[in-house]
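Numbering (our numbering), first residue to last: 19 to 278.
Even for Gly, the Cβ is constructed at its ideal location relative to N, Cα and C.
What you are looking at is a predicted structure, and each value in this text was computed from that prediction instead of being measured.
The structure appears below as structure tokens.
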Amino acid sequence: MIEKVKDLPVLEVNDLQIAYGSKVVLQQVTFSVHPATCLVVMGPSGCGKSTLLKALIGLIRPAQGSIKYSDAELWGTKDSIDPSLLARFGVLFQGAALWSSMSIFENIALPLETFSSLSEQEIREVVRYKLSLVGLHGTEDLYPSELSGGMQKRAGLARALALDPQILFLDEPSAGLDPVNSRQLDELIIELKETLGVTFLVVSHELESIFSIADEALFLSPKEKGVLQYGQPRNWLAESPYSEIRNFLRRNEGCPTFQQ
Numbered sequence: 019m020i021e022k023v024k025d026l027p028v029l030e031v032n033d034l035q036i037a038y039g040s041k042v043v044l045q046q047v048t049f050s051v052h053p054a055t056c057l058v059v060m061g062p063s064g065c066g067k068s069t070l071l072k073a074l075i076g077l078i079r080p081a082q083g084s085i086k087y088s089d090a091e092l093w094g095t096k097d098s099i100d101p102s103l104l105a106r107f108g109v110l111f112q113g114a115a116l117w118s119s120m121s122i123f124e125n126i127a128l129p130l131e132t133f134s135s136l137s138e139q140e141i142r143e144v145v146r147y148k149l150s151l152v153g154l155h156g157t158e159d160l161y162p163s164e165l166s167g168g169m170q171k172r173a174g175l176a177r178a179l180a181l182d183p184q185i186l187f188l189d190e191p192s193a194g195l196d197p198v199n200s201r202q203l204d205e206l207i208i209e210l211k212e213t214l215g216v217t218f219l220v221v222s223h224e225l226e227s228i229f230s231i232a233d234e235a236l237f238l239s240p241k242e243k244g245v246l247q248y249g250q251p252r253n254w255l256a257e258s259p260y261s262e263i264r265n266f267l268r269r270n271e272g273c274p275t276f277q278q
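What follows is the structure, given as structure tokens:
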């Protein structure tokens with residue numbers, strides 16, 4: 019098992035404020051993500067989860083504050099992001115976002131062709147390896163439409179892993195999946211984290227998944243326009259001082275997770 023290093027964050031966010039014009043969506047957001055851990059971002063609809071994710075991957079420039087990957091500031095004083103920083107993270111979008119006109123091989127090879135100097139044979143070997151990591155060995159020549167929803171999510175995860183990023187961002191990875199496929203994806207996240215030391219930031223509202231994969235969590239509140247609580251979600255069921263959080267976590271009390 020990979021030992022978790024606690025003193026060198028992969029991602030550090032400090033006093034982040036995000037606004038659309040004069041409308042502030044998030045403010046005073048501060049947190050860090052350490053190697054080989056999973057941080058889950060959760061909260062009710064409209065709390066700013068997707069907005070935060072967009073800022074972290076450079077799609078929105080914050081109004082103030084900093085986003086730092088190891089020793090490198092995402093924006094700094096520049097008007098654009100250094101392309102080399104983009105290779106430090108991978109993203110799995112809600113719908114997997116695979117190119118429908120490309121084979122699974124071509125989808126996963128694309129970031130390698132764009133950001134690496136690997137030969138054609140080396141790229142082929144990397145693609146096969148990443149597919150084997152997510153349990154999709156032998157699917158290289160298939161197209162996204164030939165895969166089930168769960169397999170498409172796994173293929174999207176393989177593409178996010180292509181460049182060996184420092185951190186993976188997963189946006190509602192269980193969305194649209196049945197309980198069995200959702201559980202299998204959670205197990206894969208845990209396996210990649212514990213055996214390969216992969217670091218995750220996951221946006222999710224699925225309670226069973228949250229309790230299964232999260233080492234720490236952020237709860238975003240639309241009322242506060244920021245972080246209401248930051249810590250270990252299992253402790254929040256009984257100990258959170260905020261009824262908003264307790265109600266959010268108890269909405270599925272028949273779930274087997276609550277019996278553990």
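Under 7 angstroms between C-beta atoms of residue i and residue j
| i | j | result |
| --- | --- | --- |
| V109 | A178 | yes |
| V31 | T217 | no |
| S261 | S227 | no |
| P62 | A73 | no |
| G168 | N199 | yes |
| K171 | L203 | yes |
| I231 | F107 | no |
| F229 | L181 | no |
| G39 | P240 | no |
| S102 | E91 | no |
Alpha carbon of residue i to alpha carbon of residue j, nearest angstrom
| i | j | result |
| --- | --- | --- |
| Q35 | L44 | 5 angstroms |
| A114 | F237 | 24 angstroms |
| L77 | I99 | 10 angstroms |
| R142 | S135 | 13 angstroms |
| C273 | W117 | Because the pLDDT of C273 is 48, which lies under 50, any placement of that residue in the model is unreliable, and the number read from its coordinates should be weighed accordingly. Cα to Cα, C273 sits roughly 35 angstroms from W117. |
| T275 | E138 | Its pLDDT being 45, under 50, T275 is placed unreliably in this model, and the coordinates cannot settle the point. |
| M120 | G94 | 36 angstroms |
| D196 | S166 | 11 angstroms |
| L128 | A176 | 12 angstroms |
| N265 | V245 | 16 angstroms |
| A37 | L130 | 34 angstroms |
| L149 | A173 | 7 angstroms |
| P259 | E234 | 17 angstroms |
| A105 | P183 | 6 angstroms |
| I20 | P53 | At I20, the pLDDT of 42 sits below 50, so the modelled position is not reliable and the matter cannot be decided from this model. |
| T69 | D97 | 19 angstroms |
Extent of the continuous beta strand (DSSP E) to which residue i belongs
| i | result |
| --- | --- |
| M120 | Here M120 belongs to no beta strand (DSSP E), and DSSP marks it neither H nor E. |
| Y87 | Q82 to Y87 |
| L181 | Where L181 is concerned, there is no enclosing beta strand (DSSP E), given that its DSSP letter is neither H nor E. |
| T48 | K41 to V51 |
| E30 | L29 to Y38 |
Rounded Cβ spacing between residue i and residue j (contact assumed at less than 8 angstroms)
| i | j | result |
| --- | --- | --- |
| F123 | V152 | The pair is not a contact, with the Cβ atoms about 14 angstroms apart (cut-off 8 angstroms). |
| C56 | I207 | 7 angstroms |
| Q112 | D189 | 5 angstroms |
| L219 | V59 | 7 angstroms |
| L267 | L225 | 7 angstroms |
| V51 | K243 | Not a contact, Cβ separation roughly 21 angstroms. |
| L71 | F187 | 6 angstroms |
Residue i CB to nearest heavy atom of the ligand ZN below 6 angstroms
| i | result |
| --- | --- |
| P162 | The ligand content of the structure shown is nil, which means the ligand ZN is not present either. |
Alpha helix (DSSP H) segment containing residue i, residue limits
| i | result |
| --- | --- |
| S150 | E138 to L151 |
| S200 | P197 to L214 |
| F266 | S261 to L267 |
| L255 | P251 to E257 |
| S239 | Element bounds for S239: not the alpha helix (DSSP H) but the beta strand (DSSP E), E234 to S239. |
| L103 | P101 to L104 |
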